[in-house]
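Q: Attaching a single structure in structure tokens format; questions to follow.
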Amino acid sequence: MAKEQKTSGAAAGAAAFKTFTPMAARPAPKDLTGVTAWLRTNLFSSVPSALLTFLGLWIAWSVLSALVSWGWVNAVFQASSRRECLDKVGLSGACWPGVVVWIPNLIYGLYPKDQVWRINWGALLLIVWLLPLWLPRVQSKIIIGFSTVLLFPLLASYLFLGGPKGWIWTALIAVGLTGFLWSLLTAASESLGGGPFLRLAARLMGAKTAEEEAQRGRLALLGLFAIAVLLVTQWNLDFVPTRVWGGLFLTLVISGFAITFSLPAGIILALGRRSKMPVISLLCTTFIELFRSVPLITILFMFNTMLPLFLPAGVEVNQLLRAIVAVCLFASAYMAEIVRGGLQAIPRGQYEAASAMGLGYWQSTSLIIMPQALKIMIPNIVGIFIGLLKDTTLVSIVGLFDLLSMARAIARDPGWIGLFLEPMFFITVVYFIFCFAMSQYSMSLEKRLGAGERR
Amino acid sequence: MKEPLIELVGVNKWFGSFHALKDINLRVAEGERIVVCGPSGSGKSTMIRCVNQLEAHQEGDIVIAGRHYGRDERENAAIRSDIGMVFQSFNLFPHLTVLENCTFALTYVKQLPKAQADAIALELLTRVRIPEQAAKYPMQLSGGQQQRVAIARALCMRPKIMLFDEPTASLDPEMINEVLATMIELAESGMTMMVVTHEMGFARKVADRIIFMDQGEIVEEAPPERFFREPEYDRTRLFLSQIL
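Residue numbers (this note's numbering), protein chains in the order written: chain A, 963 to 1417; chain B, 82 to 325.
This is the structure:
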């Protein structure tokens, strides 16, 4: 009818227009909504589709029921050796006591049992340090995040490694501790409405102008550092050599380093590769292509066996450190290509608009280009992180006992000889939890950052 | 004659071996409105992009308000800060709100405090008649609104010169007029403008001079009256017969 009105209006000429009123929208027909409609369209839309649905259900059922009967119904939960398990149920059920007894080893490796609290405290420290990022009233989230990434390793390495410390070490640990104290105090003062901690401290010391505030704020920071130094000199921990580090702890240390190092390094390499300066571009490209075309195992071997040949006699680089450096370099090369891909997705007009507004290279890169590029790259970046967590299993070949090697060691324990499947199942679950958590976090991050800006 | 605000003297530019601008000489006085037209590939965009050095030229001299572009990047940036630019594809920053798009350069280049930057941005968004969209993201706006935000964003820096590179070329017909209206208001306020466009109605109404370019050269330069009625060159006549 509306159409008719329009055409007849046009035919009537300019003198008498009819008014065009758009038709009101009607609700969708009933059979497009509701549960039965969903079932019919998605699961049983045709005979083959219904058959496939039943096939899928049957496969899921058979796998799950087998798993449950092995891992739960027929499983043994109380036993003192594998022999006992086998006598009870044979191979039809899992033998969990072996895994349970080994759980401390799977988590901490061969770390001395009376020192294990240090690892737990390290984990707690990290959680407390990062906690302010989830508190709504905290303003300085970015800098707290940076302080964690940069300074936590300093504090944690002493916590985990211990031993005697020279004055350089002392200063570095104190810097770490200062960062931690600063983050805590800032989070506290901002949550309670006092503004940034240093400004608050400066005002308490009687600062009036902005200049005085900055000056006394620095003084407060210095005071914090002095307190930290004092604490650190009083703090003595037994030395725990890295060769007894192991299990989940070692896996997280290596992948944690690789994850935090690879993103910034990858960004720098990617910017370098796109640089207009030929020398820088060539260097970055060479590095990326070199490390990307060699398997991680080879790089680990190279660093482990060949690096000592190039170093002067007597200089020894810690084996764990060698592995960490190797994994970091490998990961940065991959990350660089992902970042480059993200940068290429940003239209040239964004750079032009920024430079037409008078922004320099670093400003437009860090404030305009990177935020957009990183957002597109989140799935790929998290993909690399997940890959890294799993790739750390390769360090077992250079003699480090990560989670996987510890799980395999159970089968060589006289009491649990040959126990292989159950530990593998257990660490599968552990890896899954970590990787799935990362993947879910990346999804929620994408959703949050993508709000209101679809290209 | 008064000292020109924009002066191009013997400007030549090559893209690789392609000679894109050939001996361009142009003087634009303060408050003058120049419309640049010509077939695609004629160098009109390249020319105005040279004016704020988004493209570097290889020969000749470009002088803005008495200052020469040179090798010193900082000096170039200072000269450029007097020039606002509006692009065909808007080039708003999609991860920032409309208001943040406008305050961005004020905060990071002029380093104004947030309150002051917000005030300036709102004033200019009001001037282009979309203050109510300030909290939205660019992708939530229509093309015409986005282009008006882009104009406001450029005006925030209080430029002496505004460059427009085919500002209406990627807009639906219904939206072209709202952008042109904004540009006409801007012209009436006395802004020095260089506009690359095919909107001949706008050119006739606003331009002090129309420049016709072909194959990297300025072919004809005339006030709109004369340009449309009696162009000197056959090339201009052909072009006009095709677009009018």
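Note that the Cβ used here is the ideal one computed from N, Cα and C, for glycine as well. Being a predicted model, the structure only gives us computed values, none of them experimental.
1. Less than 9 Å between the beta carbons of A:S1007 and B:L135, yes or no?
2. State whether the region 212-232 of chain B contacts the region 168-179 of chain B, with contact taken as three or more CB pairs (one from each stretch) at a distance under 8 Å.
3. For the region 1341-1355 of chain A against the region 219-237 of chain B, are there 3 or more C-beta pairs whose distance is under 8 Å?
4. What is the rounded straight-line gap between the Cα of A:T969 and the Cα of B:N258?
5. Return the CA-CA distance between B:D163 and A:L1117, expressed in angstroms with no decimal places.
6. B:Y189 versus chain A: which residues are under 7 Å apart at the beta carbon?
7. Going by DSSP, name the residue or residues bridged to A:G1209.
8. If A:W1032 sits next to A:G1055, beta carbons under 8 Å apart, how far is it from one beta carbon to the other, in whole angstroms?
9. Indicate the three-state DSSP secondary structure (helix, strand or coil) for A:A1293 in the structure shown.
10. What are the start and end residues of the beta strand (DSSP E) that includes A:A986?
11. Leaving aside the five residues before and after A:M1339 along the sequence, list all residues of the same chain whose C-beta is less than 8 Å from its C-beta, in chain order.
12. Within the region 106-137 of chain B, note down every full alpha helix (DSSP H) run reaching 4 residues or more, in order along the chain.
13. Give the secondary structure of B:F283 by DSSP, where H, G and I count as helix, E and B as strand, and everything else as coil.
14. With 7 Å as the C-beta to C-beta threshold (strictly closer), list the residues of the region 154-174 of chain B near chain A in chain order.
15. Can the beta-carbon of B:R59 be found less than 9 Å from the beta-carbon of B:A186?
16. Excluding sequence positions up to five away, which residues of its chain have a Cβ less than 6 Å from the Cβ of B:L321?
17. Who are the neighbours of B:M238 on chain A, taking C-beta pairs under 9 Å?
18. For the region 1298-1315 of chain A, which residues have a beta carbon sitting closer than 8 Å to at least one beta carbon of chain B?
19. When you compare the region 255-269 of chain B with the region 222-232 of chain B, are there three or more beta-carbon pairs, one atom per stretch, that lie closer than 8 Å?
20. Would you say B:L102 faces chain A, with C-beta separation under 9 Å as the test?
21. What is the DSSP secondary structure of A:V1215, counted as helix, strand or coil?
22. Keeping to the same chain, check which residues put their C-beta closer than 6 Å to that of A:Q1334; ignore five residues upstream and five downstream.
23. Counting pairs of Cβ atoms below 8 Å between the region 1244-1253 of chain A and the region 1266-1281 of chain A, do you hit three or more?
24. Who pairs with B:V167 in a beta bridge, going by DSSP?
25. Report the three-state DSSP secondary structure of B:W95 (helix, strand or coil).
26. Within 10 Å of its beta-carbon, does B:R290 have 16 or more other beta-carbons around it, so buried, or fewer, so exposed?
27. Anyone know if the C-beta pair for A:F1347 and A:S1255 falls short of 9 Å?
28. Give the straight-line distance between the Cα atoms of A:Y1403 and B:A146, rounded to the nearest whole angstrom.
29. Is there at least one Cβ from chain B nearer than 9 Å to A:P1226's Cβ?
30. Can you name the start and end residues of the beta strand (DSSP E) that B:T273 belongs to?
31. Between which two residues does the beta strand (DSSP E) containing B:A146 stretch?
32. Going along the chain, which residues of the region 87-111 of chain B sit with their C-beta nearer than 8 Å to a C-beta in chain A?
33. Beta carbons nearer than 7 Å to chain A: which residues of the region 132-153 of chain B have them?
34. Which chain B residues sit within Cβ distance under 8 Å of A:Q1101?
35. Let me make sure I understand the geometry here. Which of B:F99, B:Y189, B:S121, B:G122 has the alpha-carbon closest to that of B:Q139?
36. Does B:A200 come out as helix, strand or coil in the three-state DSSP assignment?
A: On the basis of the data shown:
1. Against a cut-off of 9 Å, the Cβ pair of B:L135 and A:S1007 comes out as no contact.
2. yes
3. The count of Cβ pairs closer than 8 Å, one atom from the region 1341-1355 of chain A and one from the region 219-237 of chain B, stays below three, leaving the stretches out of contact.
4. Legend: pLDDT at A:T969 = 46, less than 50; position of this residue unreliable, value from coordinates given subsequently. In a straight line, the C-alpha of A:T969 is about 26 Å away from that of B:N258.
5. 50 Å
6. L1321, Q1325, L1329
7. A:D1364
8. 6 Å
9. helix
10. Careful: A:A986 lies outside any beta strand (DSSP E) and carries neither H nor E.
11. I1300, V1301, G1303, G1304
12. 125-132
13. helix
14. A158, R161, S162, M166, F168, S170, N172, F174
15. This structure cannot settle anything about residue 59 of chain B, because the visible part of chain B is limited to 82 through 325.
16. none
17. Result: M1319, G1320.
18. P1309, G1311, Q1312, E1314, A1315
19. yes
20. no
21. Secondary structure at A:V1215: helix, using DSSP grouped into helix, strand and coil.
22. I1308
23. no
24. B:F245
25. strand
26. Buried, by the Cβ-count rule.
27. Not in contact: A:F1347 and A:S1255 (Cβ atoms no closer than 9 Å).
28. 53 Å
29. no
30. Note, B:T273: beta strand (DSSP E), 273-277.
31. Unbroken run through B:A146: none, as it is neither H nor E.
32. none
33. For the region 132-153 of chain B, the set of residues with a beta-carbon nearer than 7 Å to any beta-carbon of chain A comprises N133, L135, in chain order.
34. Neighbours of A:Q1101 on chain B: none; closest Cβ ~13 Å, over 8 Å.
35. B:F99
36. helix
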